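The sequence shown lines up with residues 1459 to 1706 when you count with the working numbering. Report on one structure; see the data block that follows.
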Amino acid sequence: MSEPQVLPELFWHPPLALPPGVHLCQTLRGGEGWGFNLATHVGAPANAVANHRARLLSAQPGIQQVQWLTQVHGTQVVQAPASARVEADALWTSHDGVACAVMTADCLPVLLWSDDGTVVAAAHAGWRGLVAGVLEATVSQLPLPPQRLSAWLGPRIGPSAFEVGPEVRAAFVAVDAGAAAAFKPSWRAGHHLADLAELARQRLTGLGIADIRDSGACTVTDASRWFSFRRDGRCGRMASLIWRTAAP
């Protein structure tokens, strides 16, 4: 008798204390190869991506629409629902049933919500977007003060794996000298190991956000759960989603 097939895990719902009506989901790699890839731009079969997106939509309670972005490592922020092909790296909504989604495979996803659950947001924070101010741009668009926001830092390339050249450290330090604390010397002369989550935490704290939760997950070192461009090159993308429903 053959062994029963073990289906890969596809969704992770971090055990966070959230306001009533706020929901958060992180998708997983979901197997070898393209796995549970959700991106249309990486060369995966289009029908598989469509099926995965439909499965994601049907599996999460209260989502009527997922707002996808064409991410460009910038600072553009849009309010959802918006155009299906909008170029941006962050989005927010106060509508029930509209999921704010960002896709990553080493960059840092940052999900935000208000203390009363009326506003949710998501930002794609690679180092280029982070140093350019994507988190500041996102928070500035929200219709409430940052002191009322909480943030979750999702899976990203960890500090033991994120080696960068001197130009990356210089770009951050030029904006804030305190960013130097997020860089440690690498084994290669002139290079550093960068802590992307710490850089985001510094930015969020500077904006006045005190409640910052961290997944602690490194995409590079856990190949069973996460896609990683740094590790694999051509690969799929995970999605980090946050949405709201009418509070019970």
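Yeah, the Cβ is synthetic: ideal placement off N, Cα and C, and Gly gets one too. Every value quoted in this text rests on a predicted model; they were computed, and no experiment measured them.
Query raised in the report: How should Ala1538 be labelled, buried or exposed, when 16 other C-beta atoms within 10 angstroms of its C-beta is the threshold for buried?
Result: buried
Requested in this report: Per DSSP, which residues does Cys1558 bridge with? Please list them.
Outcome: Gln1525, Ile1700
Report task. Per DSSP, which residues does Arg1614 bridge with? Please list them. Result -> Cys1676
Query - Backbone secondary structure at Ala1637 - three-state DSSP - result: helix
Query - 3-residue-minimum beta strand (DSSP E) runs that sit fully inside the region 1488-1539, ordered along the chain - result: 1523-1525, 1535-1537
**Report entry** For Ser1572, the first and last residue of its enclosing alpha helix (DSSP H)
**Finding:** No alpha helix (DSSP H) holds Ser1572; the beta strand (DSSP E) holding it covers 1566-1572.
Query raised in the report: Which whole-angstrom value is the C-beta distance of Ala1581 and Ala1548, which I expect to be below 8 angstroms?
Result: 4 angstroms
Report task. Tell whether a beta-carbon distance below 8 angstroms holds between Gly1612 and Gln1484. Result -> yes
Query raised in the report: Of all the options Asp1672, Ser1673, Pro1624, Val1633, which has the alpha carbon lying nearest to the alpha carbon of His1649?
Result: Pro1624
Query raised in the report: Would you say Leu1657 and Ala1609 are within 8 angstroms of each other, going by their C-beta atoms?
Result: no
Query raised in the report: By Cβ distance below 7 angstroms, which residues in the same chain neighbour Ala1546 in space, the five residues on each side in sequence not counted?
Result: Leu1527, Gln1534, Val1535, Val1536
Report task. Rank Val1589, Phe1687, Glu1594 by C-alpha distance to the C-alpha of Val1626 and give the top, closest one. Result -> Val1589
Query raised in the report: In this structure, does DSSP put Ser1682 in helix, strand or coil?
Result: coil
Query - Euclidean distance between Cα positions of Ser1644 and Leu1654 - result: 15 angstroms
**Report entry** Nearest-angstrom Cβ-Cβ length linking Gln1522 and Val1556, presumed shorter than 8 angstroms
**Finding:** 7 angstroms
Requested in this report: Quick one: using the 10 Å Cβ neighbour count with 16 as the cut-off for buried, is Ala1504 buried or exposed?
Outcome: exposed
Requested in this report: Tell whether a beta-carbon distance below 8 angstroms holds between Asp1574 and Arg1688.
Outcome: no
Query raised in the report: Looking at the unbroken alpha helix (DSSP H) that takes in Ala1655, where does it start and where does it end?
Result: 1654-1665
**Report entry** Trp1550: first and last residue of the uninterrupted beta strand (DSSP E) it sits in
**Finding:** 1548-1551
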